Amino acid sequence: MIKLGESTQQAILAVMMYVARSTGTEATQDEIAAALKTYFSLDEITNQISYLRKKPPEPAEAPASEDVLAPRYRFNLAGGRPG
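Residue numbering for the sequence shown follows my numbering, beginning at 15 and increasing consecutively.
So this is what it looks like as structure tokens:
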């Protein structure tokens, strides 16, 4: 028996809730397990993990509130062609 971590438990519950919303009926644990073991699902999960590993890490903390309000781009509207 393997003890699942909190994040894995939440992920499986999210799958179960998504299936229930999408189909209108709750899937059994056996149905969820069978779906997760298909080659298609395993391949998609492998691709997603590979993508996440290549993605640059997200910042550890949120920017300060004044950074959020700072403009990111400057537009020179006076220098452009009229209408």
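All C-beta atoms in this analysis are idealised placements derived from N, C-alpha and C, irrespective of residue type, glycine included.
As the structure is a computational prediction, the values presented were derived from the model and not from experiment.
Please state whether DSSP places K68 in a helix, a strand or coil.
-> helix
Indicate the three-state DSSP secondary structure (helix, strand or coil) for E45 in the structure shown.
-> helix
Can you tell me which of the three DSSP states E20 falls into?
-> helix
CB contact flag (V33, A25, <8 Å) = No, these two residues do not count as a Cβ contact at 8 Å.
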